[in-house]
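The opening position of the sequence shown corresponds to residue 380 in our numbering, with each subsequent residue numbered one higher.
Built from N, CA and C at the ideal position, the CB exists for glycine as well.
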Amino acid sequence: MSANSLPDSAANWHTLEVDKALGLLNSKADSGLTPQEVDQRLQKYGPNELEEHGGRGAWEILLDQFKNIMLLMLIAVAFISGFLDFTAWQAGELKPGEVPFKDTIAILAIVILNGILGYVQESRAEKALAALKQMASPLVRVIRERKLLDVAAKEIVPGDIMLLEAGVQIAADGRLIEQSNLQVRESALTGEAEAVNKQSNLQLPEDTSLGDRLNLVYQGTEVVQGRGKVLVTNTGMTTELGKIAAMLQSVDSEPTPLQQRMTQLGNVLVTGSLILVAVVVIGGVIQARGFSNLKDLLEVSLSMAVAVVPEGLPAVITVTLALGTQRMVRRNALIRKLPAVETLGSVTTICSDKTGTLTQNKMVVQSIFTNNNTFRITGEGYAPVGDFQLDSQNVAAEDYPEIPALLVACAVCNDSVLQKEKGEWAILGDPTEGALVTLAGKAGIEKDQWNSKLPRVSEFPFSSERKRMSVITQVEEVATGEPSLTGIDPAISGFVNSESYLMFTKGSPELILARCTQIRLGTNTSPLNEEQRSQILAANDQMASKGLRVLGFAYKPLLEVPPEGSDEESEQSLVWLGLVGMLDAPRPEVRAAVAECRQAGIRPVMITGDHQLTARAIAIDLGIAQEGDRVLTGQELQRMSDQELEQQVDLVSIYARVAPEHKLRIVQALQRRGRFVAMTGDGVNDAPALKQADIGIAMGITGTDVSKEASDMVLLDDNFATIVSATKEGRVVYTNIRRFIKYILGSNIGEVLTIAAAPILGLGGVPLTPLQILWMNLVTDGLPALALAVEPPEPDVMKRPPFSPRESIFARGLGSYMIRIGIVFAIITIILMEWAYSHAHAVTGPDLSPDRWKTMVFTALCVAQMGHAIAIRSNNQLTIEVNPLSNPYVLGAVVVTTVLQLMLVYVPPLRDFFGTHWLPPIELAICFGFSALMFVWIEAEKIFFRLRGKKTV
């Protein structure tokens, strides 16, 4: 057979009989493929490996940092400044002791630092695909030419016959040929922790969801128990794992709101600066009637360009986000990508898994039904503490003899162990059985004691076909000194007469009930009539409709231990005990978190692989949905077009039985509706949706490495409430970023206008050198800005809707504030500059340079920013109304920065390097006086807006 005539491996394998599937792939269950067929298929289908498409390399990411428009302008300024210094040096025009190229070196150092900061944030390469590849099994046991062989996983081809046993990691997708009690853990793909019982003899509908395809096995999943023979149907990128890898690589990372706003800010600042530079140069040329003062105009232009770029802003933002990540870690949220800190504050929709995130991932019994009474059970987790309630009233279990009898069955027909570890109750074994042991413990029926009273001598184990299990126990008398059988524990008195053994059976309620002929009522047994059967089935339906997992219990006295394999005959004529309904109970703190979400204008959405009844019950209980709300299943979603889904996503809050591609489609549909989406996930199946979401949130406890690598944030406690806490922190971070942006850029605008005014007013030279401007932008702006970054949250931060992630950085009055404050800065400084220029030239002396007017302007601008920092802590409260100790870092930054500024004026080496001049105390006092006017103006603004009944920015 040629490679071209080989069959296509793309088929709905779960809909086909085993023989039909084998025929399609030209394979035989007993002999497998020949070496020639394997070679041909390797040529057609390729190796069984996940393919990786190239992303951006490290050098490309680094070079991209220097495409930022503000950094490009600074690079141009550095080279022009270097050229001017070079010409001055060549012409011998440098002053004695003046260091050439210091402005160029300082500017380029800032450019490189900002480039490195950006690179560090972006260069964390996505390792999700590498984590996916690690899920592949190295060696696989196959049948080829009737021989058992262990071959490399990458050499598996469609048509191979693969053998499975407990502990094996499955190497390819396949159709089951035969199986024996085969259980496969598919949580990595489906998100559901419970192992799936596989069956080979099924033909399933075409629209059967991934988690319900019981006749298929998937690459990357794990065999828990049993064995099986599998026809390999898909390998490499055509497996379900391969489809996830393809989806993962097809998702493009969008810039975060903060990155978009910073790009917008850079464009506006650079454009405005270039326009202003052009105006100043053209005005200067016209004023001089020629190019005689071009060098002075270039120096002014360079200073303006440096002044307009907030060089310290990237570093301040990075530190602010890093501080945010530290605070979030203390709240159990680990941030993997720094911009995600601020992005969280923009979230409008949180799509959450159910199991373990909204719920405790612990099965808890909610109710029992026995003798026509439904008892509600209280308590949380696996702690054997809780009450039994009938009609909302607490009752004693021993007052209703049917309850202890039922609970003994729960404890004895059970393989799990309840134990206390580090103060926490935990179970070893199946969560469902753990819930039953806990239930028994709430009534004082301890499993260990009952294992002594009723030691197990045999059992009929659970299987997916039988849907029940039975244990045979020997009846031991209680140590009361009474004769045999009369000393049996009161909980099971009347269970036996002359019999020495008891069989307890649990399983599917309908199947157990069908095998019962009697019912336990009080301490007696009675024949089971049709009315009682109907009542039991009705109670079962009612429990199931609430999303509970329901088990039926029965017992049977035996004279002897039944022989092995006699389960069908032995499990007849049982005595009915009752129903037990359990649920993976909601986390108690999640209800408050959902309510806080609603109050904050954030819509929670549940997306789960679980059944719709369970999903609806949990969602209604938590307040995510209301009675009557629609539940959209994976099958319904599969039939919808993208347009139809887009119309539904704002109306649906519960998605059940979803497949991997469904989660991705839901996120994309919400994003097309303009929603800003956070998506939680723990399985491999969640990785594409996590990467697509604006914020991908992986589970720290149950999450796979693949999901963690694809995420922006990892929940260390797998708790929905932690997402809400992190969202609050994100809002605080964004508010503080806006606060220090308006603080930094208000002064920058003032600097630019002051520098532009100097040549227009005919003052000699530039008032501020590029080095001095860098000092202002990095130190006198940077330190207080960092202090403002840790302002505590405002009280209403989670009582308002999220701000639009697409809003401009200048929105809600920030732009007008910057311009207004910048103009006031400039007016105050220009008035001082005009006076200082005249005064410095009029009052001279041995230590008094006529150029000290520039130092007065420099000092006044820096000190004015200190008053600005103190006043800007609150938008609406006066400074005297704000508790200074709520953020002591601001006062500390103001004091430190003021001392550093004075050192530049009064410490000779620093004075020489920065080109400043000594100021007499009276002139320094005048600088402080003019600077204080900035603080007075901002406080006056607050009073003005308060009187008008308006809030400031």
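To the nearest angstrom, how far is the alpha carbon of residue i from that of residue j?
i, j, result
"glutamate 439", "isoleucine 495", "13 Å"
"alanine 1304", "isoleucine 491", "38 Å"
"isoleucine 1207", "threonine 1083", "60 Å"
"isoleucine 1059", "threonine 727", "The residue you asked about is not isoleucine; residue 1059 is threonine in the sequence shown. Each residue's alpha carbon lies about 14 Å from the other."
"glycine 1002", "arginine 564", "31 Å"
"glutamine 1042", "alanine 870", "Residue identity differs from the one stated: residue 1042 is lysine in this sequence, not glutamine. Lysine 1042 and alanine 870: Cα-Cα distance of roughly 49 Å."
"glutamate 585", "valine 1037", "15 Å"
"proline 1287", "glutamate 1108", "45 Å"
"threonine 1223", "histidine 1296", "13 Å"
"alanine 1068", "proline 783", "48 Å"
"glutamine 897", "glycine 1007", "39 Å"
"glutamine 578", "leucine 555", "7 Å"
"glutamate 861", "aspartate 868", "A caution first: glutamate 861 carries a pLDDT of 41, below 50, which makes its placement in the model too unreliable to give a value."
"alanine 971", "arginine 977", "10 Å"
"valine 698", "tyrosine 498", "15 Å"
"glycine 765", "alanine 776", "11 Å"
"proline 677", "valine 660", "Checking the sequence shown, residue 677 turns out to be leucine, not proline. Going by the C-alpha atoms only, they are around 8 Å apart."
"lysine 1178", "proline 967", "22 Å"
"glycine 873", "threonine 757", "29 Å"
"glutamine 739", "alanine 1077", "16 Å"
"glutamine 639", "asparagine 447", "12 Å"
"isoleucine 1259", "glycine 662", "45 Å"
"serine 905", "arginine 899", "7 Å"
"threonine 600", "isoleucine 549", "6 Å"
Is it buried or exposed for residue i, if we count other Cβ within 10 angstroms and need 16 for buried?
i, result
"tryptophan 468", "exposed"
"histidine 1220", "exposed"
"valine 1278", "exposed"
"aspartate 920", "exposed"
"glycine 538", "buried"
"lysine 674", "exposed"
"glycine 1141", "exposed"
"threonine 378", "Since the first and last residues shown for the chain are 380 and 1332, residue 378 lies out of range."
"tyrosine 330", "Here the chain comprises residues numbered 380 to 1332, so residue 330 is not present and cannot be evaluated."
"lysine 733", "buried"
"methionine 562", "A quick correction: the sequence has glutamine, not methionine, at residue 562. Buried, since its Cβ has 16 or more Cβ neighbours within 10 Å."
"phenylalanine 458", "exposed"
"lysine 399", "exposed"
"threonine 1159", "buried"
"methionine 1282", "exposed"
"asparagine 1115", "buried"
"isoleucine 489", "buried"
"glutamate 1302", "buried"
Of the residues the options, which one's Cα is nearest the Cα of residue i?
i, options, result
"leucine 692", "Thr1295, Leu1227, Gly1328 and Asn1127", "Asn1127"
"glutamine 951", "Pro941, Ser682 and Gln444", "Pro941"
"glycine 760", "Asp809, Ala814 and Asn773", "Ala814"
"valine 836", "Pro780, Glu855 and Gln1047", "Glu855"
"isoleucine 1139", "Gly1075, Pro1181 and Val658", "Val658"
"proline 344", "Tyr1113, Leu1157, Gln578 and Leu1142", "No information on residue 344 is available, as it lies outside the stretch 380 to 1332 that the chain covers here."
"isoleucine 1033", "Ala972, Gln991 and Pro967", "Gln991"
"leucine 1298", "Ala1243, Met452 and Ala1239", "Ala1239"
"phenylalanine 690", "Gly663, Ile729 and Leu644", "The displayed chain sequence assigns glutamate, not phenylalanine, to residue 690. Comparing Cα positions, the closest option is Leu644."
"alanine 822", "Val596, Asn876, Pro810 and Val744", "Val744"
"alanine 1135", "Arg1009, Ser652 and Glu781", "Ser652"
"glycine 1257", "Pro1229, Ile1202 and Lys1321", "The displayed chain sequence assigns leucine, not glycine, to residue 1257. When only C-alpha atoms are compared, the closest one is Lys1321."
"lysine 799", "Ala762, Leu833, Lys826 and Val774", "Ala762"
"leucine 833", "Val1242, Ile1251 and Tyr934", "Tyr934"
"valine 850", "Leu881, Asp827 and Gln828", "Leu881"
"threonine 413", "Ala437, Lys526, Glu472 and Leu487", "Lys526"
Tell me the start and end of each unbroken beta strand (DSSP E) in the region 973–1011 that is at least 3 residues and wholly inside, in chain order. 982–986
Ignoring anything shorter than 3 residues or poking outside the region 1052–1098, list the beta strand (DSSP E) runs there in chain order. 1056–1060, 1074–1078 and 1092–1094
Inspect the CB distances between the region 1009–1018 and the region 582–597 and report whether three or more fall short of 8 Å. yes
My parser needs the beta strand (DSSP E) runs of 3 or more residues fully inside the region 519–577; what are they? 526–531, 540–544 and 552–564
Runs of beta strand (DSSP E) lying entirely within the region 720–752, each at least 3 residues, in chain order: 728–731 and 738–749
Using a Cβ distance threshold of 8 Å, determine whether the region 944–962 contacts the region 744–756, with at least three qualifying pairs required. yes
Would the region 1161–1176 and the region 1084–1100 be scored as touching if the rule is three or more Cβ pairs under 8 Å? no
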